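Chemist:
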Amino acid sequence: MTRKLFGTDGIRGTANTFPMTAEIALKVGMAAGAQFHRGNYRHRVVIGKDTRLSGYMIEPALTAGFVAMGMDAVLVGPMPTPAIAMLTRSLRADLGVMISASHNAFQDNGIKLFGPDGYKLSDEVEAQIEARINGDPSEGLTEAGRLGRARRLDDVPGRYTEHVKRTFPRGMTLEGLKVVIDCANGAAYKVAPEVLWELGAEVIPLGVNPNGTNINDGCGSTATEAMRVQVITHGADIGIALDGDADRVLIADEKGTLVDGDQIMGLIASHWATDGLLHGDGLVATVMSNLGLERFLESQGLSLHRTQVGDRYVVEYMREHGLNVGGEQSGHIVLGDHATTGDGLLAALQVLAVLKQKNMPASTACRLFDPLPQLLRNVRFAGGQPLEEDTVKEAIAEGEARLDGSGRLLIRKSGTEPLIRVMAEGEDNGLIDSVVSDICTAIEGVAA
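Start counting the sequence shown at 4; every next residue gets the next number (the working numbering).
1. So for M3, helix, strand or coil by DSSP?
2. Alpha carbon to alpha carbon, how far is G68 from A34? Give it in angstroms, no decimals.
3. List the whole-angstrom C-beta distance separating V183 from S224, where the pair is believed to meet the contact cut-off of C-beta under 8 Å.
4. Apart from the five residues just before and just after A244, which ones in its own chain have a Cβ nearer than 6 Å to its Cβ?
5. What runs of the beta strand (DSSP E), each 3 residues or longer, lie entirely inside the region 317 to 369?
6. Along the chain, where does the alpha helix (DSSP H) containing I218 start, and where does it finish?
7. Nearest by alpha-carbon distance to A356: which of G16, G13 and R173 is it?
8. Are three or more beta carbon pairs between the region 381 to 395 and the region 421 to 441 nearer than 8 Å?
9. Alpha carbon to alpha carbon, what distance is there between A147 and D12?
10. The alpha helix (DSSP H) with P208 in it runs from where to where?
11. Would the region 293 to 303 and the region 359 to 376 be scored as touching if the rule is three or more Cβ pairs under 8 Å?
12. Please classify E331 as buried or exposed, where buried requires at least 16 other C-beta atoms within 10 Å of its C-beta.
13. Suppose contacts are defined by Cβ-Cβ distances below 8 Å. Is T145 in contact with A76 by that definition?
14. Starting from Q303, trace the alpha helix (DSSP H) in both directions and tell me its first and last residue.
15. Below 8 Å, how does it come out for the region 193 to 208 and the region 41 to 52: are there three or more Cβ pairs, yes or no?
16. Return yes when the C-beta of M82 is under 7 Å from any heavy atom of the ligand PLP, and no when it is not.
17. With distance defined between alpha-carbon atoms, name the residue in I399, G410, V438 and V439 nearest to E430.
18. Pull up the distance between the alpha-carbon of P63 and that of L8, whole angstroms please.
19. Taking the beta strand (DSSP E) that M426 falls in, what are its first and last residues?
20. For the beta strand (DSSP E) containing F117, name the first residue and the last one.
21. Taking the CB atoms as reference points, tell me whether F117 and L94 lie closer together than 8 Å.
22. Would you kindly check if the distance between the Cβ of A86 and the Cβ of P119 is under 8 Å?
23. Mind reading off the beta-carbon distance from G506 to M74? Whole number of angstroms is fine, and I expect it under 8 Å.
24. So for R149, helix, strand or coil by DSSP?
25. The beta strand (DSSP E) with H46 in it runs from where to where?
26. Under 7 Å Cβ to Cβ from S417, same chain only, skipping five residues before and after it: list those, please.
27. Are the region 267 to 287 and the region 305 to 315 touching, with three or more C-beta to C-beta distances below 8 Å?
28. Mapping the DSSP letters down to three states, classify H237 as helix, strand or coil.
29. Here's the rule I'm using: 16 or more other beta-carbon atoms within 10 Å means buried, otherwise exposed. How should S105 be labelled?
30. Per DSSP, F9 is paired with what?
31. Helix, strand or coil for D314, going by three-state DSSP, please let me know.
32. When burial is assigned at 16 or more other CB atoms within 10 Å of the CB, is T54 buried or exposed?
33. Tell whether a beta-carbon distance below 8 Å holds between I218 and G113.
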């Protein structure tokens with residue numbers, strides 16, 4: 004079965020236009036409710052969201068769909084995506100839903116689904132739900148006396164805060180560390196600063212005043228300049244930047260230099276390997292991760308396992324092969340001992356634990372390798388299949404030939420936006436810039 008609504012991270016689009024409409028949200032609730040109706044008992048779904056204005060439209064529509072199928076809805080309000088995954092298991096729910104478009108601007112929104120085990124649904128299950136959406140929406144409707152109920156759960160921030168704090172080494176505190184935390188005016192705007200403060204840090208919070216339209220707006224992991232400036236201004240030891248739903252993180256050292264997901268994964272994996280906590284022979288990342296990470300891991304006697312882009316595929320590989328560290332260069336860090344999905348705050352705490360344990364500055368601890376020059380450009384397209392055009396194929400083939408033996412080339416469609424992503428990596432900056440430019444020009448020629 005094919006999927007048209009679901010991409011690499013659930014359903015996503017511009018709010019109040021297809022597919023992110025109240026009508027589709029209602030149908031998703033009905034279809035997912037029917038899909039996870041697994042016995043003659045009171046079924047339960049946990050529904051969270053970030054701080055986007057359109058959440059007020061999507062949340063009640065989803066709720067109505069689940070209630071119509073006889074499923075009780077537990078509404079938790081703005082909370083990080085990993086909190087929803089955790090609560091789905093903790094509350095023995097049949098399903099978890101996060102309403103968020105992650106790092107996108109406020110105009111977009113999305114729907115992410117988690118199974119009762121707290122993991123994102125497989126492609127197969129998403130395809131089955133999509134088939135139900137396209138079928139008879141009344142199939143499986145419950146009788147009037149068995150309609151579900153909706154209620155708010157008020158103690159969710161405390162539950163998640165304690166869960167995250169328990170992942171920090173016992174007996175260790177953050178006393179003596181000054182931390183800038185940028186919450187992107189998103190889902191973690193309350194819990195992230197609270198966790199850091201309760202662990203003993205001096206906290207400088209940014210992006211903690213959401214108004215419905217300022218999520219990811221000049222802040223967070225997609226716009227780190229404000230965080231890096233505040234690190235320098237306040238003489239902080241480290242800066243932490245989350246995205247809108249707090250499932251990804253980027254870091255700045257005490258000099259304001261950005262640390263990406265590759266460095267964070269390498270730091271955690273090598274540190275856990277030393278402490279005997281690493282499962283398997285290395286870590287899992289995507290095809291986007293830098294060759295520098297791969298070479299660093301090899302120097303440590305560890306391996307880099309690559310998957311296609313998407314943290315769900317990283318998690319699937321981790322589970323199948325028994326590894327407990329994985330993620331993406333963009334900052335999705337998955338620590339399988341503690342979470343079923345990316346958790347930016349949890350990953351940041353592991354980095355802070357290394358700083359405390361080794362008593363070294365972030366500029367030293369977090370700079371494990373020199374990344375090879377890597378260039379990524381996005382080309383927007385209106386429709387069609389630009390990568391199937393002969394001129395584009397020829398440009399790609401020529402680029403691969405020019406990089407042969409000295410680098411690598413990756414071209415793919417975005418799973419969440421109408422973009423073609425063109426990435427080249429190699430020893431020669433001028434060469435990769437030329438290769439990427441030529442391919443982007445070819446795509447632009449057919450993408451209008």
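Glycine included, each C-beta is placed from N, C-alpha and C at the ideal position. Computed from a prediction, not measured in an experiment: that's the story for all the values here.
Modeler: Taking the definition as stated:
1. Nothing in the structure corresponds to residue 3, since the chain is present only between 4 and 451.
2. 8 Å
3. About 13 Å; that fails the 8 Å criterion.
4. D185, G223, S224, T227, M230 and L253
5. 328 to 330 and 336 to 338
6. Here I218 belongs to no alpha helix (DSSP H), and DSSP marks it neither H nor E.
7. R173
8. yes
9. 34 Å
10. P208 -> not in any alpha helix (DSSP H); beta strand (DSSP E) instead, spanning E205 to L209.
11. yes
12. buried
13. no
14. Run containing Q303: none; DSSP gives neither H nor E here.
15. no
16. Among the components modelled here there is no ligand, and therefore nothing to report on the ligand PLP.
17. G410
18. 20 Å
19. L422 to G429
20. D111 to F117
21. no
22. no
23. Because residue 506 is not part of the residues shown, which for the chain are 4 to 451, the question remains open.
24. helix
25. H46 to K52
26. R424
27. yes
28. helix
29. buried
30. I14
31. helix
32. buried
33. no
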